[in-house]
Structures are given as C-alpha cells and as structure tokens.
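*Asks:* For the sequence shown, the positions run -19 to -1, 1 to 513 when mature numbering (1 follows the signal peptide of the UniProt record, and there is no 0) is used.
Using N, Cα and C, we set each Cβ at its ideal position, and we do this for glycine too.
Everything numeric in this text was worked out from a predicted model, so none of it was measured.
Sending over a structure as structure tokens; questions will come in a sec.
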Amino acid sequence: MGILSNLLIVYLIIAETLCGPHEKRLLDNLLEPYNTLERPVANESDPLQLSFGLMLMQIIDVDEKNQLLITNMWLKLEWNDVNLRWNHSSYGGVKDLRIPPHRIWKPDMLMYNSADEGFDGTYATNVVVNSNGSCVYIPPGIFKSTCKIDITWFPFDDQKCDMKFGSWTYDGFQLDLQLQDDTGGDISGFITNGEWDLLGVPGKRNVIYYNMKAARSLRNYTCCPNPYVDITFTVFIRRRTIYYIVNLILPSVTLAAMAMLGFTLPSDCGEKMTLGVTILLSLSVFSLMIADALPQTSEAIPLLGTYFNCIMFMVASSVVSTIMILNYHHRNADTHVMSKWMKRLFLVWMPCLLCMSRPNRDDQPENNRAEKSKTAASSIHHLPDLEFRAKSSRSLLANVLDLDDDLRSSTRSYPGARSQVAPMPEHVMIEQQHASMMMGGGGGGGGGGGGGNAPPMSAASCLGPHRELSLILKELRVITDKLRKDEEDEEITNDWKFAAMVVDRMCLYIFTFFTVAATIAVLMSAPHVIVT
C-alpha cells in the first residue's frame, strides 16, 4: 500500500507539471492581444447578449426611517466573449480558466437605486471562462438599496422593494440584457430573517426610452434616442407580528383592562384616582418604548400608533370620568341641588337602562313620600277626633297630639268655661293650677259650699295644661322641621351618591365596549394578524 501511494503522488505531480505550461501558454495567447475596452462581439452592429440574475442570501435590515433595504446577494452575469475562445485539445485539455475581472471586458452593471456610499457594493471575484467563450461572473456583495416603506398597516404590513440593475453606459442596441430566470431571483439559499418573512423575488425586464424636453423652448431635444434595458427585481417581504403582539399590543390591552377595573371600585374610593393616574403614567413611559419601535416617518400613521392613541385617549378619559364621579359623590344639599332633568336622567332612565337598583331604598315613588310628609305635617295642626289608643307603641309626637285631642274634648264639655274665665297671664295660670292641685283633696269635702265654683276651677285647671301642651307642640314642630330638613338634605346627598354610582357603571360599560371595539377593529382591518 505504501508503494502504491507513493507512485500515485509522483504521477499527480508529473501530471500537474505537464498541465501547467498549457494553461500558462493559453493565458498568454488569450490575454496578450486582448483589449479590455473592446466590446467582445464579432460584428460591431450586433448587440452583446447578457444574461443577468441574482441569488438573495439574506435580508440584513429594513430601515423604515431612512427608507433603506440592506441585503446580501450574489449577482450572476453570463455572456459570450468571442476573443476568449480556444480549442481545449490544443492546450492539453484545458477547458476553463479563472481570470480576474480587470484583465478582461465585463459589463458595467450597477444598481440604479443604490444608496451605498461607494455605490457598488460587490466584491470583484474571478471570471470563469470556458473554451467556447462563455463567461460566468458571480460577484457577491452587501447591497444597500432605496425602498419606499409603507407603514400604514404597521406591524401587520407587507413591503415591496425594487432593485433595478442595468448597464450604466451601454444602450439596448449594444447590450441586450436578458432575465436569466423568468421566475425571478433565486431564493433557494435564503437565510430566514427573524423580523421579515420573504414571499418572493420576481423579476421583470424593462425597455425605457429617455426623452428630455428642453426648458424654454418649443423643440424637443432627444438626448437618448436609443432604448435602455434594465432588470428590476421586486423583493416582497412580510413583517412577522408575534414580537409586536407580545411586546406592544398585549401590554397596551392589559393596561386598558386595568383602567376598566378602576370603575369596579366603590365610587367613594379615593384609590380610583390613584389607579387611573398610575396607569396613565405607565402608558406615558410605555409610549417611549413604542416610539422607538414605530417607523419614524410622517407620511402615514401606523395602525399600531392609531390603536395606542385610542388606548391613551381612553385611559385619559377614564381619569376625567373618575374626577366627575368623585365630584358627584361628595356633593350635598348645601352646595349643589340636582335639577329635574338630572334626576330623571340619573335616577330614573339610566338605572333602568343599566339594570341598577338603588340600595337601602324602598320602591315608593317620590310623590308618595312627599304626600306622606305633607300629611304628617298637617296632622300637627288638626287631628281627627279619635279614641284613646295605646300610647306606648306610638311616637312621642303622636302621643302628645292624642293627649291634646283629649284635653280639647274635655274643655268642650264645659260650655261656660271660656265665658267665665278671663284670660290671665301664663304664670298666674300655672300658680292657680299648682294651688288647685294642692287643694284637690278638700274639694270633695266642701260639699254644697264649693259646688258653685267647680266649673270655673275645672276650666282653669284644664286651660293650664292645654297652654303647656301648645308650647310643647310648638317646640316639637321646630324639632320635626329640623328632622324633616335633615332628611331632605340626606335624600339629596343620597341622590348625588346614586348618580355617581350610575355614572360609574355607565363609564364601565362605555369604556369596556370602546376598548374591545378598538382592539377588534384593529385586528380585523389588518391584512393579516399572526405571521410566525
């Protein structure tokens, strides 16, 4: 085995030594008389056929702010050079050569819409030349091309970026540029991008005539009567949305939901304002993060920016609504009086619409309650003549009124009492009443002697307690008026509190509907939602 290996190595060395002079002689014969400025055609009137294609290897970056597309591509140019043909049997079977591009003629192909500082970002590789004159030139490069970015549907957007290639100096009569593959660019070796999904790279051959109209002249000066051919490849890409859904949309929806939860707190809870302001500050900080993610251009408003502005408006409106709810809750009769239309709106219509019932409140209408209050007030002035009822189960005011009725009845039983007893001062009546009470035990023993003065003494003794009861009733009226006013004030305060509850519930429904509707509208209007 060792001897065979050594013999094989010696044979290969000898074969390489024998082939070297043939390739050197071939290069000398081809390149010594060769002129790199000569267009390699047999007849100068014939156009040179150039086949052009590309292989897209990677999308490096899409700069929405600067409207740039940065890609890694391999260009593929094929043409036939009549000055680089040979008979391979005459040169030891050498069928192809690798020649640097500056040693032979090559087409001046450039990207028209290049944004690179050097304009041409290709690396000059060797040209593979076959014995039949066929030349294959595949220069790789990092291409920076201009791209019109449409961010209307960001981040659910599709972009198309054109890359226009053509000869810089040769027209269509000198260089016939043809598309190598009718399907467009080759994407078989494409490296998947984390942000963009490649849909395709179709190509198109264009023939353009450039005509320039001279200024301030009636004549047309045709600077370029010959056609110019270019190959335009369109890169169709689609943005992957998972990143933006997880890091931008879901946090926005979460913050909006937290703002909605603020309306579930009691209307008198001061933490409602704290929660709303905290969420608004969180959105303000979050907006700085979104501003960096959004394309920095003013040509269109991104869909995500519109949605985020809606969420910001909703949260800010919830804070304003919370302020109004707290203002309603802490109103009272001394500062605000609820108008009739507000009572009808917030106490009748809206509770029915929102299916709300007033807590700690009977179902008696307001008119019935007012009628009962008027009846109770008028009963102080004139009560019906009724039998004595069990006073232990009645209120103090009712018992005093019943006692007043009894005294009035007893006074009416003595018809001459008012005519026989002249009006006297109050302190005299009280003294007489006290004296009569002290002498009450001897009244019965007086017999016939005291019989003639009995009716006047009985009337006076009845008028004294009646006057005292009148004073008591007067004081009770003051007390009842005060209690009635306090009850009315409390009723007004409770009305404002219930109005605050109604507004709170209404805001909960409105803002929840607004948030859900905005989210659904954004997702439904997008061309696509999830692209993995």
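1) Name the DSSP beta bridge partners of V188, please?
2) Using only CA atoms, which one of Q159, S126, S299 lies nearest to residue 518?
3) Can you tell me whether DSSP reads M438 as helix, strand or coil?
4) Would you be able to state if there are at least three C-beta pairs under 8 Å between the stretch 12 to 29 and the stretch 119 to 138?
5) Do you know how far the Cα of F479 is from the Cα of K321?
6) Assign C142 to one of three DSSP states: helix, strand, or coil.
7) Residues in its own chain within less than 6 Å of S506 by CB, not counting five upstream and five downstream?
8) With a CB to CB cut of under 8 Å and the five nearest residues on each side skipped, what residues in its chain are close to G153?
9) What number of angstroms, rounded off, separates the C-alpha of M54 from the C-alpha of G147?
10) I think Q159 touches R186, with their Cβ atoms under 8 Å apart; what is that distance to the nearest whole Å?
11) How long is the line joining the alpha carbons of W134 and V329, rounded to whole angstroms?
12) Using 8 Å as the cut-off, can you tell me whether the stretch 171 to 186 makes contact with the stretch 71 to 87, which would need three or more C-beta pairs spanning the two stretches below that distance?
13) When you compare the CB positions of S233 and I292, do they come within less than 8 Å of one another, or not?
14) If you follow the alpha helix (DSSP H) that W322 is in, where does it begin and where does it stop?
15) Work out the CA separation of V117 and T164 for me, nearest whole Å.
16) Rounded to a whole number of angstroms, what is the C-alpha to C-alpha distance between G243 and D143?
17) In whole angstroms, what separates the C-alpha of P508 from that of L11?
18) Does the distance from the C-beta atom of V503 to that of T222 stay below 8 Å?
19) Could you tell me whether the Cβ atoms of V300 and L264 are closer together than 8 Å?
20) Using 10 angstroms around the beta-carbon of I411, count the other beta-carbons present and answer buried if the total reaches 16, otherwise exposed.
21) Do T52 and M241 have their C-beta atoms within less than 8 Å of each other?
22) Are there 16 or more other CB atoms within 10 angstroms of the CB of residue 541, so buried, or fewer, so exposed?
23) Thinking L229 and A281 are a contact (beta carbons under 8 Å), I'd like their distance in whole angstroms, please.
24) Going by beta-carbon coordinates alone, are A481 and S248 separated by less than 8 Å?
25) Look up residue 530 in the DSSP assignment and say whether it is helix, strand or coil.
26) Do the stretch 23 to 40 and the stretch 53 to 68 meet, that is, are 3 or more Cβ pairs less than 8 Å apart?
27) Within its chain, find whatever has a CB closer than 6 Å to the CB of T245; leave out the 5 residues flanking it on each side and keep chain order.
28) Tell me the DSSP secondary structure of D467 in three-state form.
29) Between which residues of its own chain and S298 is the CB-CB distance below 8 Å, once the five residues before and five after are set aside?
30) What span of residues does the alpha helix (DSSP H) with F100 cover, start to end?
31) Quick one: using the 10 Å Cβ neighbour count with 16 as the cut-off for buried, is K76 buried or exposed?
32) Just verifying my parser: in three-state terms, what is the DSSP assignment at K125?
33) According to DSSP, T215 sits in a beta bridge with which residue or residues?
34) By Cβ distance below 7 Å, which residues in the same chain neighbour I132 in space, the five residues on each side in sequence not counted?
*Replies:* Per the coordinate set shown:
1) Looking up residue 188 in the sequence shown gives position 207. Answer is V210, bridged to V188.
2) Residue numbering for the chain in the displayed model covers -19 to 513; residue 518 lies beyond these limits and cannot be assessed.
3) Taking the first residue of the sequence shown as 1, we reach residue 438 at position 457. Confidence in M438 is poor, its pLDDT being 47 and thus under 50, which makes the residue's placement too unreliable to answer from.
4) no
5) Along the sequence shown, read from residue 1 onward, the residue named residue 321 stands at position 340. Along the sequence shown, read from residue 1 onward, the residue named residue 479 stands at position 498. Using only the alpha carbons, I get a separation of about 15 Å.
6) As a position in the sequence shown, residue 142 is number 161, starting the count at 1. Strand at C142.
7) The residue given as residue 506 occupies position 525 in the sequence shown. Contacts found: none.
8) On the sequence shown, position 172 is the one that residue 153 refers to. Taken in chain order, the residues that qualify are P28, V188, N207, P208, Y209, V210.
9) Locating residue 54 in the sequence shown gives position 73, counting from the first residue. Locating residue 147 in the sequence shown gives position 166, counting from the first residue. So the alpha carbons of these two residues sit roughly 16 Å apart.
10) By 1-based counting over the sequence shown, the position of residue 159 is 178. By 1-based counting over the sequence shown, the position of residue 186 is 205. That pair is a contact at about 7 Å.
11) Within the sequence shown, numbered from 1, the residue matching residue 134 stands at position 153. Within the sequence shown, numbered from 1, the residue matching residue 329 stands at position 348. Their Cα atoms are separated by approximately 45 Å.
12) no
13) Within the sequence shown, residue 233 is the residue found at index 252, counting from 1. Within the sequence shown, residue 292 is the residue found at index 311, counting from 1. Result yes, Cβ atoms of S233 and I292 sit closer than 8 Å.
14) For the purposes of this step, residue 322 is identified with residue 341 of the sequence shown, where counting begins at 1. 321 to 324 is the span of the alpha helix (DSSP H), which, as asked, contains W322.
15) Position 183 of the sequence shown, counted from the first residue, corresponds to residue 164. Position 136 of the sequence shown, counted from the first residue, corresponds to residue 117. Approximately 20 Å between the Cα atoms of the pair.
16) The count along the sequence shown starts at 1 and reaches residue 243 at position 262. The count along the sequence shown starts at 1 and reaches residue 143 at position 162. Roughly 50 Å separates the two Cα atoms.
17) Taking the sequence shown and counting its residues from 1, one reaches residue 508 at position 527. Taking the sequence shown and counting its residues from 1, one reaches residue 11 at position 30. Straight-line Cα distance between these residues: approximately 58 Å.
18) The residue labelled residue 503 in the question sits at position 522 within the sequence shown. The residue labelled residue 222 in the question sits at position 241 within the sequence shown. Result no, Cβ atoms of V503 and T222 do not sit closer than 8 Å.
19) Counted from its first residue, the sequence shown places residue 300 at position 319. Counted from its first residue, the sequence shown places residue 264 at position 283. Contact flag unset, no.
20) As a first step, residue 411 must be located in the sequence shown, where it is residue number 430. Model confidence at I411 stands at a pLDDT of 49, short of 50, so the residue's coordinates are unreliable and nothing is read from them.
21) Along the sequence shown, read from residue 1 onward, the residue named residue 52 stands at position 71. Along the sequence shown, read from residue 1 onward, the residue named residue 241 stands at position 260. Their beta carbons are not under 8 Å apart, which means T52 does not touch M241 by this criterion.
22) Lying before the first or after the last residue shown, residue 541 is absent from the chain, which here runs from -19 to 513.
23) For the purposes of this step, residue 229 is identified with residue 248 of the sequence shown, where counting begins at 1. For the purposes of this step, residue 281 is identified with residue 300 of the sequence shown, where counting begins at 1. Their Cβ separation, rounded to whole angstroms, is 18 Å, which puts L229 and A281 out of contact at 8 Å.
24) For the purposes of this step, residue 481 is taken as residue 500 along the sequence shown, with counting starting at 1. For the purposes of this step, residue 248 is taken as residue 267 along the sequence shown, with counting starting at 1. Taking 8 Å as the Cβ cut-off, A481 and S248 qualify as a contacting pair.
25) The requested residue 530 does not occur in the structure, where the chain is confined to residues -19 to 513.
26) Per the Cβ contact rule, the stretch 23 to 40 is in contact with the stretch 53 to 68 (3 or more Cβ pairs under 8 Å).
27) Numbered from its first residue, the sequence shown carries residue 245 at position 264. Excluding positions up to five away in sequence, the list is empty.
28) Counting from one through the sequence shown, the residue named residue 467 turns up at place 486. Residue state for D467 is assigned as helix, using DSSP reduced to three classes.
29) Along the sequence shown, one-based indexing puts residue 298 at 317. Excluding positions up to five away in sequence, the list reads F492.
30) Here residue 100 refers to the residue found at position 119 when the sequence shown is read from its first residue. Segment: none, F100 is in no alpha helix (DSSP H) and carries neither H nor E.
31) If you number the sequence shown from 1, residue 76 lands on position 95. Exposed is the call here.
32) One-based indexing of the sequence shown puts residue 125 at position 144. Note: K125 maps to strand in three-state DSSP.
33) Locating residue 215 in the sequence shown gives position 234, where the first residue counts as 1. The partner list for T215 (beta bridge, DSSP) reads D143.
34) Counting from one through the sequence shown, the residue named residue 132 turns up at place 151. Closer than 7 Å at Cβ, skipping near neighbours: E45, D138, P276, T278, A281, P283.
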